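Below is one structure, written out as structure tokens; the observations come after it.
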Amino acid sequence: MFGRKNKPAYWIRKTHLLRADEYECSACGRRFDKPYVQCPNCGRNMTKCKYDPTWVDEAEMLDILD
Ligand SMILES: [Zn+2]
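Counted from 1, the sequence shown has number 38 at position 40 by the numbering used here; the numbering is strictly sequential.
Take a look at the structure:
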């Protein structure tokens, strides 16, 4: 159904230790290198940007936090 197409979406900001930040669409899950006004993949209007500190997990994997 197309009823969910107008559901607001937002960017989930993924920060990485060793590479540039990414912005993941909460609706379709595609990642982009910057937060667009609309998702280039699914076309939803983006309402906000949520911070997801992915780098913490990566740091733990690299064993540099303890
Ligand atoms: Zn999208």
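The C-beta atom is built at its ideal place from N, Cα and C for all residues, glycine as well. Keep in mind the model is a prediction, meaning the values are calculated, not measured.
Sequence ranges, beta strand (DSSP E) only - wholly within the region -1 to 57, length at least 3 = 7 to 12, 20 to 23 and 44 to 50
Which residues in the same chain have their Cβ closer than 8 Å to the Cβ of residue 15, if we skip the five residues on either side of it in sequence?
-> Within the sequence shown, residue 15 is the residue found at index 17, counting from 1. For residue 15, where only same-chain residues beyond five positions count, the Cβ hits under 8 Å are 53, 56, 57 and 60.
Buried or exposed for residue 8, please, with buried defined as at least 16 other CB atoms from any protein chain shown within 10 angstroms of its CB.
-> The sequence position of residue 8 within the sequence shown is 10, counting from 1. Residue 8 should be labelled buried.
CA-CA distance, residue 39 and residue 28?
-> The count along the sequence shown starts at 1 and reaches residue 39 at position 41. The count along the sequence shown starts at 1 and reaches residue 28 at position 30. Computed Cα separation, rounded: 7 Å.
For ligand 1, is there a heavy atom less than 7 Å away from the beta-carbon of residue 11?
-> One-based indexing of the sequence shown puts residue 11 at position 13. No, ligand 1 has no heavy atom inside 7 Å of this Cβ.
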